[in-house]
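From first to last, the protein sequence lines are chains A and B. End of the first sequence = 188 in my numbering, gap-free, step of one. End of the second sequence = 107 in my numbering, gap-free, step of one.
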Amino acid sequence: MGMSAFVFAGSSQFIAVGLIAAGASIGTILLTTFIVNLRHALYATTLAPHMNHLPQKWLLPLGFWLTDETFVVAVQRYDQPDRSPFKHWFTLGSAVFMYTNWQLCTFIGLVAGSAISNPESWGLDYAMIVTFIGMLVPMVKSRPILLAVLVAGVTSLATHSLPNQAGLFIATIMGVVAGVIAERSSTP
Amino acid sequence: MNELLLLLGMFLVTFGVRYPVLAIVSRIQLPEIINQGLKYIPPAVLMAIITPAVLNPEGKGVVLSLSNAPLFAGLIATLVAWRTKNVFLTIVIGMAAFWLWRWLLFS
């Protein structure tokens, strides 16, 4: 519960719990956490240009609460054509809701975890994948984006066996590079 | 193991890759090529998360067959998302397809 409140990074938490159970050292756990979280640096870079008018007191909480889910929701909001100056409120709302929900569900998990014999068998983790599919498909609006997506997909399969989700980071970079190259070669 | 030390360390590491980047990049003007690349990050990240989860759900190799429930449901979800552009509908129909297909396979 303490970990959910202060660390707030789902994949790192799962991996850390696994490493603690395996008796790994603090140094190993911290290094692993760092690698798993590298992708957030990419997220932050993407969102930053939208937030250059915000004061420090906004960036601190948004930085701490930045997650996969909040990032995806925020990007969609920023991509909409209206010029609302309050889009960071939307991002904060998503972040706070994610955080509250995360704490609540960690608590429910602590209480219910012992009562359910086989939690994985419900397939609830697949709901995240379906959600991401629903978000990804409308994003594919041009050939360079399609190419970026295909390259990222193939690379993610090829690098899936790498430890610590390093493959996710590599696949994303490869996809981005492919997209930029395609865009540059189509518009001289 | 010192649990407090571990918690503090994990907090610093997770926060350390998020906030400083957000704070620094939002203050400077990025070169054109970086700005061009940024818009490819969201779709590339999503695809990199989705693909292994759907094609290699057990982590033991790619399964290109209809006995792979995540793949079947993923195709249905893609079709729904493409036709409707409605995320909520995609979740509902995608999960329904997933559970139904698994139930049909294992009963």
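Idealized CB from N, CA, C, for every residue including glycine.
Asked, Found
"What does proline 43(B) reach in chain A if we use C-beta pairs closer than 7 angstroms?", "Leu136, Met139, Val140, Ile145, Ala148, Val149"
"What is the DSSP secondary structure of leucine 71(B), reduced to helix, strand or coil?", "helix"
"Expressed to the nearest angstrom, what Euclidean distance is found between the alpha-carbon atoms of methionine 47(B) and leucine 8(B)?", "32 angstroms"
"Could you give the first and the last residue of the continuous alpha helix (DSSP H) run that contains serine 185(A)?", "166-186"
"Assuming valine 130(A) and glycine 37(B) are in contact, meaning their beta carbons sit under 8 angstroms apart, how far apart are those beta carbons, in whole angstroms?", "About 28 angstroms separates the two Cβ atoms, so there is no contact after all."
"For glutamate 58(B) and glycine 175(A), what's the separation of their Cα atoms in angstroms?", "24 angstroms"
"Which chain A residues are close to lysine 85(B), counting only those with a beta carbon under 8 angstroms from its beta carbon?", "Val137, Pro138"
"Tell me where the alpha helix (DSSP H) around phenylalanine 106(B) begins and ends.", "Element bounds for phenylalanine 106(B): n/a, residue is neither H nor E."
"What does the alpha-carbon distance come out to for the pair alanine 166(A) and isoleucine 173(A)?", "11 angstroms"
"According to DSSP, is glutamate 32(B) helix, strand or coil?", "helix"
"Is threonine 90(B) helix, strand or coil by DSSP?", "helix"
"Taking the C-alpha atoms as reference points, what is the distance between tyrosine 40(B) and alanine 148(A)?", "7 angstroms"
"Closer than 9 angstroms, Cβ to Cβ, to anything on chain A: give me those residues from the region 58-70 of chain B, in chain order.", "Gly59, Val62, Ala69, Pro70"
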